[in-house]
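The structure appears below as structure tokens.
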Amino acid sequence: MVGFIIAGLVIGALARLIKPGKQNLGLIATLLLGLVGSVIGGVVANLLGTGDIFELNVLGFIVAVIAAVLLIGVAEGLAGRRKGAG
1 MVGFIIAGLV IGALARLIKP GKQNLGLIAT LLLGLVGSVI GGVVANLLGT
51 GDIFELNVLG FIVAVIAAVL LIGVAEGLAG RRKGAG
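If you use the UniProt record's numbering, the sequence shown corresponds to residues 1 to 86, in order.
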């Protein structure tokens, strides 16, 4: 479980570094988006037969980072929409 949290933090941090521009996300949001990205990466790796959902492998890690980058974009879009509406 601790490894899963650390992996989520690393994946979230990498995604924030890859995504251009400044993200207004805190540590918890980065962790949560990284965790969701790592689950998505694990599921994709599992579906492709390269490993288990909770097993860290290269393909799962790459997909997790890509998913987290996309999730950060979605989170920014939702946050921007809320600010514009208020």
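Glycine is no exception: its CB is placed at the ideal position from the N, C-alpha and C atoms.
The alpha helix (DSSP H) with residue i in it runs from where to where?
{"i": "Asn24", "result": "That residue, Asn24, is in no alpha helix (DSSP H); it is neither H nor E in DSSP."}
{"i": "Leu17", "result": "Val2 to Ile18"}
With residue i and residue j assumed to form a contact (beta carbons below 8 angstroms), what rounded beta-carbon distance in angstroms separates them?
{"i": "Ala68", "j": "Leu59", "result": "Going by Cβ atoms, the distance from Ala68 to Leu59 rounds to 15 angstroms, so no, they are not a contact pair."}
{"i": "Leu71", "j": "Leu27", "result": "Not quite, the Cβ-Cβ distance comes to about 16 angstroms (not below 8 angstroms), so this is no contact."}
Helix, strand or coil for residue i, going by three-state DSSP, please let me know.
{"i": "Leu59", "result": "helix"}
{"i": "Leu48", "result": "coil"}
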